[in-house]
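For the sequence shown, the residue numbers in my numbering are 41 to 625. A quick write-up on the structure given underneath.
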Amino acid sequence: MDFHIFPFILVTIFISYGSCYSHKGLHGYMKDATSAPTYARFDYIVIGGGTSGCSLAATLSQNANVLVLERGGSPYDNPTATDMENFANTLLNVTPNSWSQTFISEDGVYNTRARVLGGDSVLNAGFYSRAENSYVEEAEWEKEEVEAAYEWVERKLVFEPQVMGWQSALRDGLLEAGVLPYNGFTLDHIVGTKIGGTIFDPAGHRHSAADLLEYANPEKLVVYMHALVHKILFTKGDQIPKAYGVVYQDTDGVFHKAELARNTMNEVILCAGALGSPQLLMLSGVGPKAHLEAHGIHPVVLDHPMVGQGMGDNPMNSVVVPSPQLVDLSLVEVVGITKFHSFIEGFSGLSLSYNLTRRFFDGTLNLLHESSLSTQSITNFFKSIDLRLNVMENHGVIMNKVDGPVSRGHLELRNMNPDDNPSVTFNYYKEPEDLKVCVKGLKTVIKVINSNAFSKYKYPNATGRELLNLMLSLPINLRPRHKTAMFNLTQFCIDTVVTIWHYHGGCQIGRVVDNNYKVFGIDALRVIDGSTFLKSPGTNPQATVMMLGRYMGQKILRERNASGEKNQDDSIIKDGTNMWSSSSK
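Next comes the structure, spelled out in structure tokens:
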């Protein structure tokens with residue numbers, strides 16, 4: 041067994057969990073922000089064309105004029121990135137205009153945020169699974185409407201995967217390890233082992249949330265890409281501040297203003313994600329007063345101490361399993377949902393580029409030079425491998441994700457640039473409950489690796505525990521290593537934690553927004569995205585985030601229709617002239 045190339049394989053895998061794109065023509069309502077007028081009015085301004093923003097905008101456009109402002113580009117611009125086999129290398133592309141933006145949490149864990157239309161649904165492994173029934177009940181959502189919203193998403197995006205050799209072995213290994221019963225193919229969240237949905241079609245092309253815009257009324261929707269929102273505008277209402285517009289910047293450096301048309305039902309809606317939404321609230325003067333003033337933000341529109349709090353990222357610990365025989369390319373298709381609240385998934389057969397990996401870590405080193413985190417592990421890593429190497433290796437990865445999590449952190453501003461990453465701390469495994477789940481999950485992973493069902497996809501002399509220990513020598517994160525981790529799974533969890541990109545919080549429901557996702561203390565402003573979650577839904581959140589956009593879009597339209605108020609600018613907007621410009625470029 042050739043261990044000397046494992047570091048290269050593993051580090052690349054853990055940085056590159058997702059991104060392929062469906063190849064479709066550019067719709068007429070999708071434009072670059074450089075073509076936008078300097079001033080325009082709309083019924084709804086949606087900040088962020090991501091996983092929730094696309095489904096929300098498509099729904100609202102059925103009965104209102106909607107502007108979507110997306111800071112990134114279009115996933116349809118690069119058809120070579122469509123195929124599943126290219127997904128890892130796409131995410132490793134972290135050049136300034138790429139679709140993924142690297143950040144490193146204060147915990148010393150590499151992470152990624154999307155900057156592309158479709159959001160994280162363009163940069164994930166494609167697994168689609170609904171939230172558990174208890175999650176829907178605790179959120180106080182209407183069950184029948186949730187079901188309809190999920191189905192709306194699924195008709196456009198979701199497929200049953202073609203489960204082949206490696207995933208079949210993982211499935212059978214989970215069953216042999218006691219993750220029972222077998223629930224077959226289902227989109228529901230059920231304890232046991234199941235096959236979930238995927239947003240990759242049988243040809244290996246991704247169908248992201250951007251595809252949901254095909255549901256939109258193209259006469260009532262405008263999507264500006266490369267539109268960087270700098271702040272939300274507020275006016276002092278009779279009693280509380282009221283959002284009335286936004287200021288955004290195009291790639292030429294030109295600033296634009298979009299305002300709400302004159303109708304009491306019109307709103308600005310933040311869909312910028314768990315990092316972007318709390319960050320933009322703070323930059324707009326809504327957040328902890330002392331923190332905003334320390335960054336020179338004046339005036340403080342609203343002292344809102346819970347903005348940026350409750351940040352969570354489901355901790356993941358994984359193991360690479362080299363195979364003595366060829367493995368098929370697969371992303372996440374099978375999941376073991378344990379009774380003790382861990383989720384076990386896997387993927388196999390990635391094709392990886394050394395050059396892109398090196399470019400990624402060069403960018404990471406640049407980030408680290410601005411922090412107190414050590415760069416030595418990365419430097420030593422690249423000294424230890426052949427710089428001419430390009431790798432296509434037979435391997436699989438089995439991952440253990442902790443549900444919840446209980447451990448929570450916070451987000452703060454670094455500076456006043458909305459395109460820069462804020463500072464975020466997730467406090468992985470701070471709470472002992474999370475650690476206990478991790479240990480139980482890893483014991484189950486070891487059973488899977490050592491099972492008869494999985495035996496043909498691992499070398500006979502490699503045990504599950506030995507493969508876990510290999511992780512300790514690799515720079516999969518920037519956290520210190522402890523010798524005790526070789527025989528203590530609790531310490532192993534702490535030392536080798538990585539992200540599964542399911543971070544959430546920062547604008548949590550009941551703390552920053554109410555049950556209708558309206559920001560407490562401000563009129564005409566909502567947040568509808570994963571930043572509102574108290575925990576991550578189901579095994580993978582994208583299904584529920586897309587559902588939420590549709591669910592809330594319909595609810596908002598019902599409220600609008602019930603109000604009986606006529607949009608005073610309706611005739612102007614339909615004409616098209618003043619909808620787009622009062623001072624066009």
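Where a beta carbon is used, it is the ideal one built from N, C-alpha and C, also for glycine. The model shown is predicted, which means the values in this text are computed figures rather than measured ones.
Distance, residue j Cα to residue i Cα
| i | j | result |
| --- | --- | --- |
| Leu451 | His344 | 13 angstroms |
| Asp147 | Arg153 | 16 angstroms |
| Tyr190 | Met587 | 5 angstroms |
| Gly348 | Pro318 | 5 angstroms |
| Leu24 | Asn434 | What the structure shows of the chain is the stretch from 41 to 625, and residue 24 is not part of that stretch, so it cannot be assessed. |
| Gly632 | Val108 | Summary: the structure shown does not reach residue 632, with the chain confined to residues 41 through 625, and so no result is reported for it. |
| Glu110 | Asn440 | 33 angstroms |
| Gly205 | Leu565 | 49 angstroms |
| Glu307 | Lys282 | 9 angstroms |
| Lys496 | Pro364 | 8 angstroms |
| Val86 | Val488 | 45 angstroms |
| Asn129 | Thr536 | 23 angstroms |
| Gly504 | Glu187 | 40 angstroms |
| Glu194 | Leu227 | 10 angstroms |
| Leu323 | Gly313 | 15 angstroms |
| Val149 | Tyr468 | 9 angstroms |
| Asp292 | Gly444 | 42 angstroms |
| Phe527 | Lys379 | 25 angstroms |
| Leu157 | Val263 | 9 angstroms |
| Leu310 | Asn357 | 32 angstroms |
| Asp460 | Ile562 | 26 angstroms |
| Leu453 | Ser382 | 32 angstroms |
| Val431 | Gly325 | The predicted position of Val431 is uncertain, since its pLDDT is 40 and thus under 50; a value taken from the coordinates is nonetheless stated next. Roughly 48 angstroms separates the two Cα atoms. |
| His245 | Ser603 | 42 angstroms |
| Met305 | Ala525 | 56 angstroms |
| Arg428 | Val359 | At Arg428 the pLDDT is 36, less than 50, meaning the model places this residue with poor confidence; the figure from the coordinates comes in the next sentence. Going from the Cα of Arg428 to the Cα of Val359 covers about 25 angstroms. |
| Leu508 | Glu254 | 45 angstroms |
| His229 | Ile596 | 28 angstroms |
| Gly213 | Gly436 | 13 angstroms |
| Ser161 | Val198 | 12 angstroms |
| Gly90 | Lys470 | 30 angstroms |
| Gln102 | Ala301 | 17 angstroms |
| Gly159 | Arg519 | 28 angstroms |
| Pro242 | Asp123 | 11 angstroms |
Residue-level contact to chain D via CB, residue i, 7 angstroms cutoff
| i | result |
| --- | --- |
| Tyr264 | Of the chains in the structure shown, none is chain D; there is only one protein chain. |
Nearest-angstrom Cβ-Cβ length linking residue i and residue j, presumed shorter than 8 angstroms
| i | j | result |
| --- | --- | --- |
| Gly570 | Ala171 | Wrong, their Cβ atoms sit about 12 angstroms apart, outside the cutoff. |
| His270 | Ala73 | Going by Cβ atoms, the distance from His270 to Ala73 rounds to 12 angstroms, so no, they are not a contact pair. |
| Phe167 | Thr238 | 6 angstroms |
| Ser155 | Trp139 | Correcting the residue identity first, residue 155 is Arg in this sequence and not Ser. The pair is a contact, with the Cβ atoms about 6 angstroms apart (cut-off 8 angstroms). |
| Leu210 | Ile438 | 7 angstroms |
| Pro458 | Leu268 | 6 angstroms |
| Val442 | Val485 | Wrong, their Cβ atoms sit about 13 angstroms apart, outside the cutoff. |
| Val106 | Tyr84 | 5 angstroms |
| Asn126 | Thr120 | 7 angstroms |
| Cys547 | Thr530 | So it is not a contact: roughly 32 angstroms between Cβ atoms. |
Beta-carbon spacing of residue i, residue j below 7 angstroms
| i | j | result |
| --- | --- | --- |
| Arg521 | Leu514 | no |
| Thr142 | Asp353 | no |
| Glu185 | Tyr591 | yes |
| Val361 | Lys498 | yes |
| Ser95 | Leu261 | no |
| Ser248 | Ile568 | no |
| Glu299 | Gly285 | yes |
| Asn580 | Ser208 | no |
| Ala250 | Ala98 | no |
| Thr233 | Gly376 | yes |
| Ser491 | Asp474 | no |
| Phe466 | Gly481 | no |
| Lys329 | Val341 | no |
| Ser114 | Val464 | no |
| Glu216 | Ala502 | no |
| Val553 | Met346 | no |
Residues bridged to residue i [DSSP beta-bridge criterion]
| i | result |
| --- | --- |
| Tyr468 | In DSSP, Tyr468 forms no bridge with anything. |
| Ala80 | Ala298 |
| Pro355 | Thr539 |
| Asn440 | Asn357 and Ile384 |
| Pro673 | For residue 673 there is no data in the structure shown, the boundaries of the chain being 41 and 625. |
| Leu107 | Ile85 and Val262 |
| Ile449 | In the sequence as presented, Ile is not what sits at residue 449; that position holds Gly. Per DSSP, Met351. |
Notebook entry, point to check: Whole alpha helix (DSSP H) runs in the stretch 572-610 with 4 or more residues, listed along the chain?
Noted result: Qualifying alpha helix (DSSP H) stretches, in chain order: 582-603.
Next item on the list: Please go through the stretch 233-300 and give each complete beta strand (DSSP E) segment of 3 or more residues, from N-terminal end onward.
Entry: Qualifying beta strand (DSSP E) stretches, in chain order: 261-265, 268-276, 281-289 and 295-300.
Margin query: Suppose only complete runs of 3+ residues qualify. What are the beta strand (DSSP E) ranges in the stretch 295-335, listed by chain order?
Written below: Here the runs fully enclosed are 295-300 and 307-310.
Margin query: Which complete alpha helix (DSSP H) runs does the stretch 163-240 hold, if anything under 4 residues is left out?
Written below: Complete alpha helix (DSSP H) runs here, min 4: 173-178, 183-197 and 205-216.
Check: Whole alpha helix (DSSP H) runs in the stretch 125-155 with 4 or more residues, listed along the chain?
Finding: Fully enclosed alpha helix (DSSP H) runs of no fewer than 4 residues occupy 127-132 of the stretch 125-155, in order along the chain.
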